[in-house]
Amino acid sequence: MRRFRAEGARGPLQANGVIEVFLLIGGGVAAGLFGSLLGLGGGILIVPLLTLGFGLPLITAVGVSLVCVIVTSGAAAGVYLERRVANLRLGMTLELFTAIGALTGGLVAFLVPERFLALLFAALLAYVALTIGRRRDPAPEPEIITSGAASGRAADAAKSVAALEVRLSGPGYRVRRLGFGVVGSLFAGVVSALLGIGGGLVKVPVMHVVMGVPLRVATATSNLMIGITASAGAIVYLLRGGIDPYVAAPTAIGVFLGATLGSRTAHRIDLRVLRGLFVVILLYTGLQMLLRGLS
Amino acid sequence: MTGDGPMSHRPVPGVAVAVGEIGVERIVARLLAVGTYGSVTLVAIGTALILVNGVQPLGAAPTFDPSRLGDDILHLRAAGFLWLGLIAVVATPAGRVLASLIGYARRGERLMAVVAALILAVIALSVALARGTAV
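Residue numbers (my numbering), protein chains in the order written: chain A, -7 to 287; chain B, 25 to 159.
Structural data, given as structure tokens:
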């Protein structure tokens, strides 16, 4: 494990033991709070916090972030299921593919140079900043479509897929274009394990815009899927020494507290101001990550 | 967010709403809650022991050695509780899939049971590959 930590690397937030624990908890609270208020997982902020703030190697930060992402998604997913917002069948079908993607991403992450991961993360931060900065009203609820006529084997295959799509549908909506969902899920899994995020940035748009799932259901189902997506990657990190428990524990506690606080205060906060601040933070951390990747 | 609740959707002809689905969902939801709060509790105990035992979090990290887990917990070492908590964190989603597998199999929903079994197979493959390539 020690070898994953750059020799002599110290971040600006390193101090004595007790202070470090509280700084990690505080950083986790901030990441969880921001993530919860803006509908993102905390992972997008945890990795920059640990690498740029505490001087940890990117691979360790990603491992810690995956743990935090599982913790925050677990409690919320339970509530979504209890309220019947999340679609368990659809989530399980797609998470089979996010898990395959995450397994692949987890193994690849140990093979690629840290600079490459830093550049990839910088691109992700820029993308998220732009997405949040340009956020518009949600896309209109998708229409229900019926499949066209086909013949022979193609018709049989289309019928099988269509039958499966019907089984995965929920009250008031019909799942469509399952193939795109499978491809999107594989990609989301790879990105999750490489960068330590939940992958909701990919899964929610794919489910909502492409597959015709209502946004609220897509968000809840994505949250449910995050557990398996992140754990398939986290297992690889855990068994290969990529998770530092002394860092993961206080950070996860902080993220858990922050996310809980965020879910209870979201309705009292002016999200426009917060969104602007978040975009600035993302762009700044993206620049720092870019410099790290280029150095 | 659109603000539309699940009850506000109009029913679509041809869309099956599985009877008994609520049972599986409820069990899975409770398992997720118990797993999450249980693992967070273990991690919180470990964090408290980091403070009590004066461990430097950004110093050398302990290596994962399952055979030392019991001894570490008995001697109230932070690492024991932390590793156990982290294992519980990572295992909770797999436990949720296992519960779904049992629930769907009991209801005779072969397809969903197979999907659940395949997810568990991928998780098992993650463990095998990570252990096999551990350095």
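All C-beta atoms, glycine included, are put in the ideal place defined by N, C-alpha and C.
| Asked | Found |
| --- | --- |
| Going residue by residue through the stretch 26 to 86 of chain A, where are the continuous alpha helix (DSSP H) segments of at least 4 residues, counting only ones entirely within it? | 35 to 40, 50 to 74 |
| Can you find a C-beta in chain A that's less than 7 Å from the C-beta of B/Thr71? | yes |
| Would a C-beta distance cut-off of 7 Å place A/Val54 and A/Gly191 closer than the cut-off? | no |
| Under 7 Å Cβ to Cβ from A/Val56, same chain only, skipping five residues before and after it: list those, please. | Ile38, Leu42, Ile235, Asp236, Val239, Ala240, Thr243 |
| For the pair the stretch 117 to 124 of chain A and the stretch 82 to 90 of chain A, tell me if three or more CB-CB distances fall below 8 Å. | no |
| Decide if the stretch 108 to 121 of chain A is in contact with the stretch 279 to 286 of chain A; the criterion is three or more beta carbon pairs, one per stretch, under 8 Å apart. | yes |
| Per DSSP, which residues does A/Tyr165 bridge with? Please list them. | A/Gly162 |
| Using a cut-off of 9 Å between C-beta atoms, extract the partners of A/Ser223 located in chain B. | Val113, Val114, Ala115, Thr116, Pro117, Ala118, Ile147, Ser150 |
| Output the boundary residues of the alpha helix (DSSP H) element that contains B/Asp96. | 93 to 98 |
| Contact criterion: CB-CB distance below 7 Å. Does A/Asp236 meet it with respect to chain B? | yes |
| For A/Ala91, tell me which candidate among A/Ala110, A/Ile227, A/Thr277 has the shortest Cα-Cα distance. | A/Ile227 |
| Can you give me the start and stop residues for the alpha helix (DSSP H) that A/Glu106 sits inside? | 106 to 125 |
| Rounded to whole angstroms, what's the CA-CA distance from B/Gly83 to A/Asn8? Just pull it up for me. | 10 Å |
| Locate the alpha helix (DSSP H) running through B/Pro117, then write down its first and last residues. | 102 to 130 |
| Counting Cβ pairs closer than 8 Å, one from the stretch 110 to 127 of chain B and one from the stretch 135 to 145 of chain B, do we hit at least three? | yes |
| Given a limit of 8 Å on CB to CB distance, which residues of the stretch 131 to 146 of chain B reach chain A? | Leu135, Met136, Val139, Ala140, Leu142, Ile143, Val146 |
| Taking the straight line between their C-alpha atoms, what separation do you get for A/Thr277 and A/Gly268? | 14 Å |
| At a CB distance below 8 Å, what residues from the stretch 56 to 67 of chain B approach chain A? Give them in sequence order. | Leu56, Ala57, Gly59, Thr60, Tyr61, Ser63, Val64, Val67 |
| Check the Cβ of B/Ala53 against every Cβ in chain A and list those closer than 7 Å, keeping chain order. | Gly70, Leu73, Glu74 |
| Write down the C-beta distance between A/Ala78 and A/Leu216 rounded to the nearest angstrom, noting that I regard them as a contact closer than 8 Å. | 5 Å |
| Evaluate A/Tyr119 with the Cβ neighbour count: other Cβ atoms within 10 Å of its Cβ, from every protein chain shown; 16 or more gives buried, anything less gives exposed. | exposed |
| Taking the C-alpha atoms as reference points, what is the distance between B/Pro90 and A/Gly164? | 48 Å |
| For B/Ala115, I'd like the list of residues in its chain whose CB is within less than 8 Å of its CB, leaving aside the five on either flank, ordered along the chain. | Gly59 |
| Report all residues from its chain with a CB closer than 7 Å to the CB of B/Val146; omit the five preceding and five following residues, and keep chain order. | none |
| Could you check what DSSP says for B/Met136 in three-state terms: helix, strand or coil? | helix |
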